[in-house]
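In what follows, a structure is listed as C-alpha cells, so that the remarks can point back to it.
Chains as they are written, first to last, in our numbering: chain A, 130 to 449; chain B, 2 to 368; chain C, 8 to 378.
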C-alpha cells in the first residue's frame, strides 16, 4: 500500500460527495473545443503554417530584400531571350521573366493572396449566411409565408449550385472586367451556396431540438429563441467551413489569375498571377511556377489542417 | 370529485399531421392521426400517467396539451381557461403555470448555456424576481429543491452526469413555480440506479409543492409507481383509464392485459408463474388505422361482430373507463382468447415509423 | 468442461494524453452447453465490450489491449487469427445486436443476407438455400416468409428486423448465441415476443445463450445464471432465484431496490443508489462501488475485494455483503460496523411470500370483482 488508509478514505469521501470544486468555473463548449484543439498535432501544424503566412503577409514588404517591382535582372542585362538566371548569392530564388527578385515577390505576394482569400471568403460567408439565416429562420417560424420564402431562397441557391463554380466565376469576371475586386467577388459568390445551405440545414436541425421546445414552453418569444439559441448553436459548422473555404478560395483565385482574369497590374505581386505568368517560361525556368505553387499548396494545407482539426474539436459526437 | 378540483380538462382532442408529397408544391396525401379524440381530466395535485408504446401518440398528446403542437380539433381547459383559442401573448403568460420535463436531458439543454443562464431565461421571460439578487435567491432555492449543489450554477450541461442533467431540466421547469408539469419519459434515458433517484425526486416535489403531473412513459411499471390514475393509449386514443391499483388488479381492455403481461418483473417466481398474452404482429400505421376498434387486428378476444366496424367509445365500467365492446364478457370469462395471425405492418419511410408521429408537423417548427 | 470459459478478460483503451481506460477489468464467467447466462449492468459497466472482445469484433486500433482468455470448446478465441475466427463466428458462435436496422445491410434483400450465411457456413446453394432461408424466417415467426425474402430491411418493422437478425444468427445452429441488448430498442409487447422466441430457440435447439442487458426483469424470466457487472468487473454471480431472493452484493441490492415493480403499490418510495456511475473508485484502490455504497466499511478501501465463493456456486466481490435473511447482521459483518447509518431494508423489495397473481392471468383473477 502506498497511501495511508486514512488518506484513501478521505479520497472516497470526496468522491461520495461528488467532488465539489466551487472555486472552479465551468468549462464552456468553446473552451472545451479549444482545449481539444490544442492537443491535436494537426491543429498545431496548421496554426504554425498560418501564423508564418499571416506574419509574412503583414510585414512582408519590410522583410523583402528587394523591391518586388524593381527589374534588376533587365537593368543588369542578365535577362536575355531564352535565359532567365536561377539563384545566386544575393537572389535566393533567382529572377522572374522581367528580372525581378523572385524571393521578394513571393514574400510581398503573400499579402495580396491573403487579402483575396479572406475578402472573398468573407463575401461568401456574409451573403451565404444571410440567405441561409433568413431561409432557416423562415422555415423555423413556419407558416405558409415562411415555407414559401424558405423554398424560394433555396431554389435560388440550388440554381447557383447547379452551375460549375469556375464557369460561374469566369462569367462574373468577364462581366465586371478583369481586376482584383472581380476575382474576390467571383470567388466569394461561388462559395455562397455552401454557406447558405450549411447554415440553413444547421438551423433547422437545431430548431427541431428539445431545448428549443423547452424554451418555447418557458414562454420565450420565437425571434428571441432564434437569436439566442438557434443561431449560436448553428455557427460551429459554418466557422469550420469558412476555414476550409479560405484554402479553396486561394486556389480558385489563383486559377482565375492563371486564366488571365486577375489583377492586370503585375507590379503588385500575387501568387496566382505569378503562377500564371510562369507558364510561358516552364521550359526555361520551371522553378518560377514551382515556388508560387508550393506557397499556395502549403498555405491551403495550413487552412485545411486547422479547419479539419476544428471540425473534430467541435464535433458533438466527440463531446463527453 | 367536484369540478373545482380539476386542473386540466382535455375534450375530444385531435392532432392530425398532414403527410405531404411533392417537389416544389406540397400536396397533402393523407393524415397521420397521432391523437384522435382523447378526453381526460387531471385533478389538481394528482398524477395522471399516460402509457403506451411508441407511435401511440402519447408524446403528441402531452405537447398538444401544452399547445406546443397546435391541436387540430378539441379543447384543452387549464384551470377554467380554454387554451386552444387563447391569443399568443396570453398563452405565453400562461406558460408560467405549466411546464415540461423532457426525455433526453442532454438534448433538452442548450449546450452553450450554463446552468444559471438556463434557469434565468424563464425568470426573465416572465419578469419574475425584482433584481439579479432576487433571481439568484429563487434559483438557489430551486437548486436545493432538486438536490443540486450551488456550484452547479457556473457549469455547463456537458459537465454533469445524466441524472444531474435531468435535475437541471426539472429545476428549469420548477423555477417558474408552475402548477402543472408534463413529464415526457422523464427517466427512460437514465441508468437504472438513477431512475429511482429521479422518480423519488418527482414524488417529493409533488408532496412539498402540491404539483400536478402528467407523466408520459412507455414503462408501465414506472407509470404505475408514480401515478394516481393511469390512461393507456393505443393508436391515438385512450383504450382504458383506471386508478393505478385497479388497473393492475383488474385490467379490462385486452390491450392493457397484453401490455401488463409483457412487462418483465424482476422476480423469477412471478416471471415463471404468470401466463403471457403475446400480441401478434406490430402496431398498425397511424396514417391508416384499422376500422372499428383499432386494436381488433391484434386482439386475442376480437369478435366477428362489432369489433371490426364499430369504434368503441370510452365508457365507465366500475371505477374504470374502457373502450371495448366486450369488456364485461371478457372480464367475466364468457369470452376466451383465440389465436391471431400477424399482419405485416410497413414502416413509414426510412427507419422507424413511430418517429413520424411524435415529431412536429413542420420541419424545424419552433412553434 | 464448460462450453465457453471466460477467464480474467480485460480490455484497456489507451488514448494519447489520457489515462488508460479499463473498460473490462478481469471478467470471468462460464457458460455451459444449453445454459442461459445473463450479464447485467448499467452503462459503462463493460458488458457490451466483453461480448465484442469475445467475438473479436472490437475495432483494431492502437492503444487497445485485450488480456485474459476466452476458451470456446477448447480453443482460445482471443488467440485465433482472423480466418479461423471468421469460421467460428456465425457457425459456432453467433451474435444478435441491439439495433437491428444498422446490423442489416440496407441495400441487400433479407433473403440474400440469410442465404449468404447458409452458403458461407453450410455450403448450401440456390433453391436449397432459399428454401432453408424461408424455413428459418418461418421459424422465427415472420409471416409469409417466401415473400419477405425478397424485401429490404427498411420495409420491415423493428420487431421483424430483429427476428430476421435472429434467423441469420441461428441459421447454422450455433452452439452459443450472444445477444447484446436485443430488445432495448423495441416496444414492450414486441420485446415479449422476441424474448419468447429466444426462450423457444434455446429450449428446442440446446443453444447456449449469453444475454446482455440492463433490465433485471428480462433476466429474471430468462437466465439460469446471472453475472452482475460494475465498473468492468463481475461483482456478483448467482443462479437466478438466489440472486433475486437474497442478493448479497450491495450493488445488486441497490439495483433491485431501484426498479419500480409492476406489482408494487403506489406511493412506495424506491431505494435508489446515491451518486452516479461516474463516481467510481479505481479498482486497485479498493471497491469501485464504495463511494456509492450504503454498507461501506473501512476494509472497502485499500485493496480490491476478492470474489468470495460460497458453497452453492454463488460468488460476490464484497467484504461486507448484505446479510442473508434470518442471520443477524452482526454475525455476518466481521467485527466492523457499517459506517453509513442505515444499510437500508436489505432485499429492498423482497419477494413476498405469496406474490399477487399476475393480472387477469392467474387461476381466479376476479375475486375482487366490483359490483
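Even glycine gets a Cβ: it sits at the ideal position worked out from N, Cα and C.
By alpha-carbon positions, which one of the options ends up nearest to residue i?
{"i": "residue 247 of chain B", "options": "B/339, B/226, B/327 and B/104", "result": "B/226"}
{"i": "residue 302 of chain B", "options": "B/80, B/325 and B/195", "result": "B/325"}
{"i": "residue 239 of chain C", "options": "C/196, C/247 and C/284", "result": "C/284"}
{"i": "residue 159 of chain A", "options": "A/261, A/430, A/369 and A/337", "result": "A/369"}
{"i": "residue 439 of chain A", "options": "A/407, A/418, A/365 and A/411", "result": "A/365"}
{"i": "residue 112 of chain B", "options": "A/380, A/298, A/341 and A/188", "result": "A/341"}
{"i": "residue 143 of chain B", "options": "B/21, B/160 and B/206", "result": "B/206"}
{"i": "residue 237 of chain C", "options": "B/95, B/193, B/108 and B/148", "result": "B/193"}
{"i": "residue 199 of chain C", "options": "B/96, B/69, B/343 and B/277", "result": "B/277"}
{"i": "residue 435 of chain A", "options": "A/180, A/205 and A/157", "result": "A/180"}
{"i": "residue 431 of chain A", "options": "A/404, A/418, A/392 and A/376", "result": "A/376"}
{"i": "residue 51 of chain B", "options": "B/328, B/330, B/333 and B/219", "result": "B/219"}
{"i": "residue 80 of chain B", "options": "B/57, B/203, B/69 and B/213", "result": "B/213"}
{"i": "residue 337 of chain A", "options": "A/442, A/373 and A/355", "result": "A/355"}
{"i": "residue 219 of chain C", "options": "C/31, C/55, C/39 and C/115", "result": "C/55"}
How would you list, in chain order, the residues of chain B whose beta-carbon sits under 8 Å from the beta-carbon of residue i?
{"i": "residue 234 of chain C", "result": "Under the 8 Å cutoff, chain B gives no residues; its nearest Cβ is about 16 Å from residue 234 of chain C."}
{"i": "residue 157 of chain A", "result": "113, 115 and 157"}
If you follow the beta strand (DSSP E) that residue i is in, where does it begin and where does it stop?
{"i": "residue 289 of chain A", "result": "Note, residue 289 of chain A: premise wrong, no beta strand (DSSP E); alpha helix (DSSP H) at 272-291."}
{"i": "residue 256 of chain C", "result": "Where residue 256 of chain C is concerned, there is no enclosing beta strand (DSSP E), given that its DSSP letter is neither H nor E."}
{"i": "residue 215 of chain C", "result": "215-220"}
{"i": "residue 48 of chain B", "result": "48-52"}
{"i": "residue 79 of chain B", "result": "74-79"}
{"i": "residue 120 of chain C", "result": "First-last for residue 120 of chain C: 117-129, but that is the alpha helix (DSSP H), not the beta strand (DSSP E)."}
{"i": "residue 100 of chain B", "result": "99-102"}
{"i": "residue 267 of chain C", "result": "Residue 267 of chain C -> no beta strand (DSSP E), and no H or E assigned at all."}
{"i": "residue 316 of chain B", "result": "316-318"}
The alpha helix (DSSP H) that contains residue i, what's its start and end?
{"i": "residue 362 of chain A", "result": "360-387"}
{"i": "residue 214 of chain B", "result": "Careful: residue 214 of chain B lies outside any alpha helix (DSSP H), inside the beta strand (DSSP E) at 213-218."}
{"i": "residue 135 of chain C", "result": "133-146"}
{"i": "residue 210 of chain C", "result": "195-212"}
{"i": "residue 160 of chain A", "result": "158-168"}
{"i": "residue 110 of chain B", "result": "First-last for residue 110 of chain B: undefined, no H or E at that position."}
{"i": "residue 213 of chain A", "result": "Premise fails: residue 213 of chain A is in no alpha helix (DSSP H) and is neither H nor E."}
{"i": "residue 91 of chain C", "result": "89-98"}
{"i": "residue 325 of chain A", "result": "309-336"}
{"i": "residue 352 of chain A", "result": "351-354"}
{"i": "residue 347 of chain A", "result": "339-347"}
{"i": "residue 321 of chain B", "result": "Careful: residue 321 of chain B lies outside any alpha helix (DSSP H), inside the beta strand (DSSP E) at 321-323."}
{"i": "residue 202 of chain A", "result": "201-204"}
Chain A partners of residue i, CB-CB under 9 Å?
{"i": "residue 109 of chain B", "result": "338, 339, 340, 342 and 343"}
Looking only at DSSP bridge pairs, what is residue i linked to?
{"i": "residue 315 of chain C", "result": "C/323"}
{"i": "residue 246 of chain C", "result": "C/232"}
{"i": "residue 37 of chain C", "result": "C/12"}
{"i": "residue 34 of chain B", "result": "B/17"}
{"i": "residue 303 of chain B", "result": "Its beta-bridge partners do not exist; DSSP assigns none."}
{"i": "residue 230 of chain A", "result": "A/224"}
{"i": "residue 76 of chain C", "result": "C/14"}
{"i": "residue 83 of chain C", "result": "C/78"}
{"i": "residue 26 of chain C", "result": "For residue 26 of chain C, which the question treats as bridged, DSSP gives no partner whatsoever."}
{"i": "residue 43 of chain C", "result": "C/216"}
Starting from residue i, find everything on chain A with Cβ-Cβ shorter than 8 Å and list it in chain order.
{"i": "residue 296 of chain B", "result": "None at all; the shortest Cβ gap to chain A is about 30 Å."}
At 9 Å on the CB atoms, spell out the chain B contacts of residue i, in chain order.
{"i": "residue 348 of chain A", "result": "92, 93, 94, 95, 96, 97, 123, 126, 127 and 177"}
For a test of your reading of the model: does the CB of residue i fall under 8 Å from any non-hydrogen atom of the ligand NAP? Yes or no.
{"i": "residue 136 of chain C", "result": "The model depicted lacks the ligand NAP and carries no ligand whatsoever."}
Going along chain A, which residues have a C-beta under 7 Å from residue i?
{"i": "residue 103 of chain B", "result": "339 and 343"}
{"i": "residue 225 of chain B", "result": "Within 7 Å Cβ-Cβ: nothing; residue 225 of chain B doesn't reach chain A, min ~26 Å."}
Along chain B, which residues have their Cβ under 7 Å away from the Cβ of residue i?
{"i": "residue 279 of chain C", "result": "194, 197, 198 and 201"}
Using the beta-carbon of each residue, which ones in chain C are nearer than 8 Å to residue i?
{"i": "residue 328 of chain B", "result": "Neighbours of residue 328 of chain B on chain C: none; closest Cβ ~12 Å, over 8 Å."}
Residues of chain C with CB under 9 Å from residue i, in chain order?
{"i": "residue 75 of chain B", "result": "Neighbours of residue 75 of chain B on chain C: none; closest Cβ ~26 Å, over 9 Å."}
Whole beta strand (DSSP E) elements within the segment 119-193 of chain B, 3-residue minimum | 181-185
Taking the runs of the beta strand (DSSP E) that are 3 residues or longer, which of them lie wholly in the segment 210-297 of chain B?
-> 213-218, 230-235 and 238-244
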